[in-house]
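What follows is a single structure, written as structure tokens, with notes after it.
Numbering (UniProt numbering), first residue to last: 1 to 191.
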């Protein structure tokens, strides 16, 4: 009798093990792994999950994109750029990745490369408000206030209701007013 009970328990345990293994196999799907990563707020956990997804599918564009984004948020912008470059090998004309590269270069204070990235996007889509805004911010960081103002103005022509751009432009106007001149700026002919 005990033998039958043990056999029944073993069968139930084996069934549970198989069900658990089946659930584990489901999570081995790279898309499922990205869904799992979206459910956690811990960036290190996200990175482990993205690496696992990329181990299963090294050409999984979304995993490269998300991994790059998280790395940039962690201040690891050089590594983020590597991920973005991998993503661009998969989808070479993806404007969003080019824009994210500009953001990463800006975080590294490599402003000229950031501008190149935003200009690349703007060549294809001259109405990309985010790229215009980011380019304006980078130009402002370089002290090229006139060009920054042009970028903000162009962005506001496209989206006049964007409060963030409007605020950024007003701060820049305040800075220009406070200085009283743009003489020390490469754009001194702006006035």
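All C-beta atoms, glycine included, are put in the ideal place defined by N, C-alpha and C. Predicted model, so just to flag it, every value in this text is computed and none were measured.
Is it the case that the region 153-163 contacts the region 172-181, given that we only count it when at least three CB pairs across the two stretches are under 8 Å?
no
On a CA-only basis, which of 73, 66, 75 is nearest residue 84? Give me that one, please.
66
Rounded distance between the beta-carbons of residue 134 and residue 118, thought under 8 Å
6 Å
I'd like the list of long-range same chain contacts for residue 138, defined as Cβ closer than 6 Å, with 5 residues on each side in sequence excluded.
106, 111, 114, 115
Roughly how many angstroms separate the alpha carbons of residue 28 and residue 34, rounded to a whole number?
10 Å
Contacting residues, own chain, Cβ-Cβ under 7 Å from residue 25 (five flanking each side not counted):
The pLDDT assigned to residue 25 is 47, lower than 50, so where the model puts this residue is not dependable; a value taken from the coordinates is nonetheless given after this. Correct list: empty, nothing qualifies.
When the Cα atoms are used, what is the spatial distance from residue 59 to residue 87?
8 Å
Using beta-carbon positions only, say whether residue 71 and residue 47 come within less than 9 Å of one another.
yes
Out of 109, 68, 162, 74, state which residue places its alpha-carbon closest to the alpha-carbon of residue 96.
68
Residue 98 burial status per 10 Å Cβ neighbour count (16 or more: buried):
buried
Give the DSSP-derived three-state secondary structure of residue 116 in the structure shown.
helix
Can you tell which of 144, 92, 128, 141 has its C-alpha closest to the C-alpha of residue 157?
128
Which residues in the same chain as residue 131 place their Cβ atom closer than 6 Å to its Cβ, once the five residues preceding and following it in sequence are excluded?
99, 118, 121, 122
Using the Cα positions of residue 94 and residue 125, report the straight-line distance between them to the nearest angstrom.
12 Å
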